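In the numbering used here, the protein residues as written are 43 to 150.
This is the structure in structure tokens:
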């Protein structure tokens, strides 16, 4: 947990607009305690997903996404170590990606 919190704390993005959700099952007390012990900054929120089946990552992420405040979403796993400039690099490519994307819709 320490490495994850350190890596996310080093992201080269204004902390005041970061909304980092650390998503855990509510009954995973060891993980929640370990995250709290890291004393993450104000841009972090530990989201405790109520225990319910199925216990899957998509269900937990959907639960956490309801409280997200940002315009863009990035998902990292606990073993990820993002480069500090990763968000800026991705953001710089958005205008190009948005102009080359298309949406298909089936005609009725």
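Just so you know, even glycine gets a beta-carbon here, dropped at the ideal spot from N, CA and C.
All of these numbers come straight from a predicted model, not from anything done at the bench.
inquiry  = Could you compute how far the alpha carbon of residue 53 sits from the alpha carbon of residue 98?
reply    = Residue 53 sits at position 11 when you count from the first residue of the chain shown. Residue 98 sits at position 56 when you count from the first residue of the chain shown. So the two alpha carbons sit approximately 27 Å from each other.
Whole beta strand (DSSP E) elements within the segment 81-118, 3-residue minimum = Segments of the beta strand (DSSP E) lying fully in the segment 81-118: 86-91.
query = Quick one: Cα of residue 61 to Cα of residue 48, how far?
reply = To locate residue 61, count along the chain shown from 1; it is residue 19. To locate residue 48, count along the chain shown from 1; it is residue 6. Their backbone Cα atoms lie some 15 Å apart in a straight line.
ask   = Going by Cα to Cα distance, which pick from 118, 56, 106, 115 is closest to residue 90?
value = Taking the chain shown and counting its residues from 1, the one referred to as residue 90 is at position 48. Nearest to residue 90 by C-alpha distance, out of 118, 56, 106, 115, is 106.
request  = Under 8 Å Cβ to Cβ from residue 59, same chain only, skipping five residues before and after it: list those, please.
outcome  = Position 17 of the chain shown, counting from 1, holds the residue named residue 59. Cβ neighbours of residue 59 beyond the five flanking positions: 112.
key: Of the listed residues 64, 137, 71, nearest to residue 110 (C-alpha basis)   = For the purposes of this step, residue 110 is taken as residue 68 along the chain shown, with counting starting at 1. Ranking the options by Cα distance to residue 110, first place goes to 64.
ask   = Where does residue 44 land, buried or exposed, given buried means 16+ other C-beta within 10 angstroms?
value = Taking the first residue of the chain shown as 1, we reach residue 44 at position 2. By the neighbour-count rule (16 or more Cβ atoms within 10 Å), residue 44 is not buried but exposed.
task = Excluding the 5 residues preceding and the 5 following residue 68 in the sequence, name in chain order all residues of the same chain whose CB lies nearer than 7 Å to its CB.
result = Position 26 of the chain shown, counted from the start, is the residue given in the question as residue 68. Apart from the 5 residues on each side of it in sequence, residue 68 sits with its Cβ closer than 7 Å to the Cβ of 90, 91, 92, 93 in its chain, given in chain order.
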